[in-house]
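Counted the way this note's numbering counts, the sequence shown spans residues 63 to 398.
Notes follow the structure.
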Amino acid sequence: MTGHVTGQTQENKRLRSVVKGVGSALPRRCVTNRELEKEVETSDEWIVQRTGITQRYIAGEGETTSTLGAAAARAALAKANLAPEDIDLIICATSTPDYTFPSVATMIQAELGVTGGVAFDLQAVCAGFVFAVATADKFLTSGSHKRALVIGAETFSRIMDWSDRTTCVLFGDGAGALVLEAQEGTGANADRGVLTSHLRSDGRHRAKLYVDGGPSTTGTAGHLRMEGKEVFRFAVGHVTDVMTDSFAATGLTADDLDWFVPHQANQRIIDASAQKLHIAPHKVVKTVQSHGNTSAASIPLALAVACEDGRIKPGDLVMIEAIGGGFAWGAALIRW
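Here's what the structure looks like:
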């Protein structure tokens, strides 16, 4: 396997999608469990025990998926020491666009002042950011594009049924972004950049996690509906296949990981998935307690936190992983 090859010939060289910067943005308003207790029949103890969540951020007036996404993109560009005109690909993963169309990505493109390249949205719900990273990697490693902004941005508070305590306490709003740049690598696992990505979906599970509205059905945005126990069972029982596929493709193992950054949906799902793959608890990045489930934004938000506090450093091996409605799920291994 390539992971065990130490000597690389010229023919083995290949383009890699290397992380240049990461940024995030959160709404101004932070809503604690105690505050929710006043509006919903729930309790801080109930929420923490079942999810690990203590607070979440909720978008207010003037804050939309595109404004949060643009702010996260600017932060990522600043970290990368790049200007908007250096970007020729923008992919925004979201299930809560400002409008049915145009795409959030084009709105962010306009806000940043980018006039070249291409921008489009990608919809895989909570797995959207992993799907977006994998998609951007294909563009960059093909040689067609040089630098990409990969954004996960959501305002799930706008599709919550605030009378349903089993769902409304789980979700929050926010955005995160990565700047990826095509750079030549050796083809070995020591290369910086995306080493491998694996995606899957199974549309038979729609009824377990969906929104009960849309332009072609009700003509409304609708509200999120979820069978929590079924989602938990599938997330823990099946989603690890893309993680084991990632290890098999590279010859790496869970012991080689420096950090595991999963979708921040529920502390129990995160812990169970890590245990199943024998990933040590100290390698798991958790931000669900502070952000709640921010869908496609959760992984880049967690990456931003772990980079900002110094945990994730250049050269570290990072696995990202998520499952979203559909079901859709995926994982990627990235050498930071």
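C-beta: ideal position from N, C-alpha, C; glycine also.
Here the structure is a predicted model, which means the values were calculated and not measured.
Mind reading off the beta-carbon distance from residue i to residue j? Whole number of angstroms is fine, and I expect it under 8 Å.
i: T280; j: T217; result: Contact doesn't hold; Cβ gap of about 19 Å is too wide.
i: A237; j: A133; result: 7 Å
i: Q329; j: S360; result: Not quite, the Cβ-Cβ distance comes to about 13 Å (not below 8 Å), so this is no contact.
i: Q171; j: I152; result: 5 Å
i: S304; j: W321; result: In the sequence as presented, Ser is not what sits at residue 304; that position holds Val. Wrong, their Cβ atoms sit about 17 Å apart, outside the cutoff.
i: D150; j: K208; result: 6 Å
Strictly by DSSP, which residues pair up with residue i?
i: L184; result: A155
i: L379; result: R397
i: L211; result: I152, V241
i: K273; result: Per the sequence presented here, residue 273 reads as Val, with Lys not at that position. Answer by DSSP bridge pairing, in chain order: L286.
i: W391; result: R262, I385
i: T217; result: D235
i: G205; result: None, per the DSSP bridge assignment.
i: C92; result: Y119
i: A87; result: A237
i: L139; result: DSSP output for L139 lists no bridge partner at all.
Residue i by DSSP, collapsed to three states: which one?
i: K82; result: strand
i: F309; result: helix
i: M169; result: helix
i: S259; result: strand
i: M63; result: Bear in mind that the predicted position of M63 carries a pLDDT of just 37, short of 50, making it too unreliable to give a figure here.
i: D235; result: strand
i: L144; result: coil
i: R227; result: helix
i: R373; result: coil
i: E125; result: coil
i: G175; result: coil
i: R76; result: strand
i: G249; result: coil
i: V301; result: coil
i: S360; result: helix
i: D199; result: helix
i: F163; result: coil
i: G131; result: helix
Please report the straight-line C-alpha distance between residue i and residue j, rounded to a whole angstrom.
i: D148; j: E97; result: 43 Å
i: A233; j: A283; result: Note that residue 233 is Phe in the sequence shown here, rather than Ala. Distance between the alpha carbons of F233 and A283 is about 17 Å.
i: T168; j: F182; result: 6 Å
i: G387; j: T197; result: 19 Å
i: I213; j: S357; result: 12 Å
i: A142; j: V176; result: 16 Å
i: I385; j: A394; result: 13 Å
i: P362; j: A334; result: 21 Å
i: L240; j: L139; result: 8 Å
i: N74; j: G377; result: 20 Å
i: M288; j: S259; result: 27 Å
i: F193; j: A137; result: 22 Å
i: T302; j: I221; result: 29 Å
i: G78; j: T312; result: Per the sequence shown, residue 78 should be read as Arg rather than Gly. C-alpha separation (whole angstroms): 14 Å.
i: C188; j: T248; result: 32 Å
i: V195; j: D307; result: 17 Å
message: Ignoring anything shorter than 3 residues, give me the beta strand (DSSP E) runs that lie fully in the region 94-123, in order along the chain.
response: 117-120
- prompt: Which parts of the region 314-358 are runs of the alpha helix (DSSP H), unbroken and 4 residues or longer, counting only runs that do not cross its ends?
  reply: 329-338, 350-353
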